[in-house]
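Input: a single structure, listed below in structure tokens.
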């Protein structure tokens, strides 16, 4: 089927339809809105200029395919893809990579031998990595089900207000208490740190990914939200203004030690780490609501990737 | 009373390492105080936290040899943090107690054997008879489940905030050990489980959490146990303290634990 469509496509471009915008042509072939057209609408409506250097883009599938439904998610895990297929959707909008690395390619990246960093031996000639059953299994699944995967991370988080911070505030029930404008810091109903942690765990469906720095009895009134992955500069800028930071992922030698030292030096501060993927889930749920407004032709829904971590209970 | 200076201690560290000092390191340098200060005692620690410095002072040590940064960033760039109240308090305390900080990171990892791995393997009870090649940090263990191995790690290291990805019932025996931020690849054909310190969750060279989740969906037994950066590297600072004692017999040398920074909800 698809091959015939491609042949038609080539034939049409050869007989003078070349002036027609690519999007329109792709739409004509699929008979319904195509993935490429959906992405054109994302770019047109996202409200920030599309960057030339970005991780955002198609990661798998044929962009000229017709879209049967859209699923947004923080992580396009194989489990999420399987559930998306059951809903009849074939276009996945994911915040994090599909193929396990920033390179996001369906074959494994080539790594220097473990420990090579410390040696001064000349680099070995690069050989293609052997087939990896997890990469291959996922790629096969995507192909078999005609799925298209688009990563939307850089540009989604550049929106104002930041949908990831807004989503977290909404999920934690703080939309109403949040101040106008700056959704990244807010005053909440006062609670002890340990009670707040219970609330966060329940609201975000955390499993073992939660890690806390600070006195469990500390009273918390003001919160700073740092979704995704953030460097020390973000914590340094925010912690003095709030009692506690709720962050996705930080470097342990940076923000974790910074908050630990602040606490040890007598400051009444705390850090709640929820994990990068968990911190992006509510913002990607908001993304499916937004997709409904710009692509009314097909259904859009959000599928939770869940907290990847568990912790043994002793 | 000894008149040993910090500069002399550093000089002995450099000459006893067994390989030439690499001057291009930005990590292994003085972070506070300098070579001329007289040393009262030496404390090794993993993170150079305020608490660790305080405990070193209580133990009579004014020279601290940490594995990690002092000013909450790897380059110890003080311009990033100098406006913060905690920075000022930490620096005031160090000045008041005549502290010298000399970081040992790159040269510890380049040394053979790397004490950081030696310490973690010791603390986890990973016998060298199971290591498949010397200093490969790759072990063939008697088969166990991911859940049992995670409980073992948690108990051996008193690791409150350890995190695990993968099927708890997955059968594992081939273990690749990692420390700090150097997480080995979980996708090696000879690796069932990686036990490591800290790794970014996504957008890296190989995103282990996502990989292990998908392996689980495909029924491929893989597991990843993430100990935390401090817990994974702190053990080896005991070996480092013992080594420094052997080359600096004049003063008291000990490990001061920075300790796990986290707690986890039930």
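Chains as they are written, first to last, in the working numbering: chain A, 44 to 357; chain B, 215 to 480. All residues carry an ideal CB built from backbone N, CA and C; glycine is no exception.
To the nearest angstrom, report how far apart residue i and residue j are at their CA atoms.
i	j	result
residue 70 of chain A	residue 338 of chain A	Any reading at residue 70 of chain A is ruled out, since the residue's pLDDT is 43, under 50, leaving its predicted position unreliable.
residue 179 of chain A	residue 265 of chain B	48 Å
residue 195 of chain A	residue 81 of chain A	12 Å
residue 321 of chain B	residue 315 of chain B	16 Å
residue 273 of chain A	residue 416 of chain B	12 Å
residue 349 of chain A	residue 220 of chain A	26 Å
residue 239 of chain B	residue 224 of chain B	14 Å
residue 99 of chain A	residue 319 of chain A	17 Å
residue 119 of chain A	residue 348 of chain B	39 Å
residue 414 of chain B	residue 341 of chain A	35 Å
residue 152 of chain A	residue 144 of chain A	8 Å
residue 220 of chain B	residue 260 of chain B	19 Å
residue 55 of chain A	residue 107 of chain A	With a pLDDT of only 34 at residue 55 of chain A, under the threshold of 50, the placement of this residue in the model should not be trusted; the figure read from the coordinates follows. The straight-line gap from Cα to Cα measures roughly 15 Å.
residue 389 of chain B	residue 401 of chain B	12 Å
residue 193 of chain A	residue 210 of chain A	20 Å
residue 463 of chain B	residue 217 of chain B	13 Å
residue 329 of chain B	residue 456 of chain B	10 Å
residue 113 of chain A	residue 86 of chain A	16 Å
residue 68 of chain A	residue 84 of chain A	Residue placement at residue 68 of chain A is flagged as unreliable, the pLDDT there being 42, under the threshold of 50; the coordinate-derived value follows with that caveat. Cα to Cα, residue 68 of chain A sits roughly 15 Å from residue 84 of chain A.
residue 289 of chain A	residue 436 of chain B	30 Å
residue 231 of chain B	residue 313 of chain B	24 Å
residue 354 of chain B	residue 392 of chain B	15 Å
Drop a sphere of 10 angstroms on the beta-carbon of residue i, count the other beta-carbons inside from all chains shown, and report buried for 16 or more, exposed for fewer.
i	result
residue 343 of chain A	buried
residue 318 of chain B	buried
residue 204 of chain A	exposed
residue 412 of chain B	buried
residue 299 of chain B	exposed
residue 290 of chain B	buried
residue 132 of chain A	buried
residue 357 of chain B	exposed
residue 215 of chain B	exposed
residue 262 of chain A	exposed
residue 206 of chain A	buried
residue 360 of chain A	Here chain A has residues from 44 to 357 only, and residue 360 of chain A is not among them.
residue 93 of chain A	exposed
residue 315 of chain A	buried
residue 461 of chain B	exposed
residue 208 of chain A	buried
residue 141 of chain A	buried
residue 276 of chain B	buried
residue 229 of chain B	exposed
Per the DSSP calculation, residue i is bridged to which residue(s)?
i	result
residue 380 of chain B	B:437
residue 139 of chain A	A:118
residue 259 of chain B	B:280
residue 368 of chain B	DSSP, once it has assigned bridges, lists no residue as partnering residue 368 of chain B.
residue 103 of chain A	A:192
residue 134 of chain A	A:113 and A:191
residue 353 of chain A	B:378
residue 477 of chain B	A:255
residue 244 of chain B	B:316
residue 358 of chain B	B:386
residue 491 of chain B	This structure gives no information on residue 491 of chain B, because the portion of chain B shown stretches from 215 to 480.
Can you determine whether any heavy atom of the ligand COA sits closer than 7 Å to the C-beta of residue i, and answer yes or no?
i	result
residue 76 of chain A	With respect to the ligand COA, the structure offers nothing, as it holds no ligand at all.
Quick check on residue i - is its C-beta less than 8 Å from some C-beta in chain C?
i	result
residue 180 of chain A	Structure shown: chain C not included; protein chains present are A and B.
### Task
With 7 Å as the C-beta to C-beta threshold (strictly closer), list the residues of the region 349-378 of chain B near chain A in chain order.
361, 364, 365, 368, 375, 376, 377 and 378
### Task
For the region 268-354 of chain B, list the beta strand (DSSP E) runs that are entirely contained and at least 3 residues long, ordered along the chain.
277-280 and 314-316
### Query
Residues in the region 300-324 of chain A with C-beta within 7 Å of chain B's C-beta atoms, listed in sequence order?
Of all residues in the region 300-324 of chain A, 300, 301, 303, 304, 305, 307, 308, 310, 318, 319 and 320 have a Cβ within less than 7 Å of some Cβ in chain B.
### Message
Using a Cβ-Cβ cutoff of 8 Å, what residues of the region 238-270 of chain A are near chain B? List them in chain order.
### Response
240, 241, 244, 251, 252, 253, 254, 255, 256 and 259
### Task
Return the chain-ordered ranges of every alpha helix (DSSP H) run that is complete within the region 305-347 of chain A and spans a minimum of 4 residues.
319-337
### Task
Anything in the region 344-355 of chain A with a Cβ closer than 7 Å to a Cβ of chain B? List those residues in chain order, please.
351, 352, 353, 354 and 355
### Task
Could you pull out every unbroken beta strand (DSSP E) segment of at least 3 residues lying fully inside the region 229-306 of chain A, listed in chain order?
Segments of the beta strand (DSSP E) lying fully in the region 229-306 of chain A: 254-256, 262-272 and 287-292.
### Message
Against chain B, which members of the region 115-137 of chain A pass a CB distance test of less than 8 Å?
### Response
118, 120, 121, 122 and 125
### Message
Tell me which residues of the region 411-437 of chain B have at least one Cβ-Cβ distance to chain A shorter than 9 Å, keeping chain order.
### Response
411, 412, 414, 415, 416, 417, 418, 419, 420, 421, 422, 423, 424, 425, 426, 427, 428, 429, 430, 431, 432, 434 and 436
### Start-end ranges of the alpha helix (DSSP H) lying completely within the region 186-220 of chain A, minimum 4 residues
197-200 and 206-214
### Task
Could you tell me which uninterrupted beta strand (DSSP E) segments, each at least 3 residues in length, are contained entirely in the region 375-435 of chain B, listed from first to last along the chain?
List check, beta strand (DSSP E) in window: 377-380, 385-391 and 407-410.
### Query
Quick one, which residues of the region 292-305 of chain B are near chain A if we go by CB-CB under 9 Å, in chain order?
Cβ proximity to chain A below 9 Å picks out 294, 295, 297, 298, 299, 300, 301, 303 and 304 from the region 292-305 of chain B.
### Query
For the region 223-253 of chain B, which residues have a CB atom closer than 7 Å to at least one CB atom of chain A, in sequence order?
none
### Residues, ordered as in the chain, of the region 180-213 of chain A that lie near chain B by beta-carbon distance below 7 Å
180 and 181
### Message
Which residues of the region 81-111 of chain A have a Cβ closer than 9 Å to any Cβ of chain B? Give them in chain order.
### Response
98
### Query
Looking at chain A, which residues of the region 257-270 of chain B have a Cβ within less than 8 Å of any of its Cβ atoms?
261, 263, 264, 265 and 268
### Residues from the region 313-345 of chain B in contact with chain A, defined by Cβ distance under 7 Å
323 and 324
### Selection of the region 277-291 of chain B by Cβ proximity to chain A, strictly under 7 Å
282, 283, 286, 287 and 288
### Task
Would you list, in chain order, the members of the region 440-469 of chain B that have their beta-carbon closer than 9 Å to a beta-carbon of chain A?
440, 442, 443 and 444
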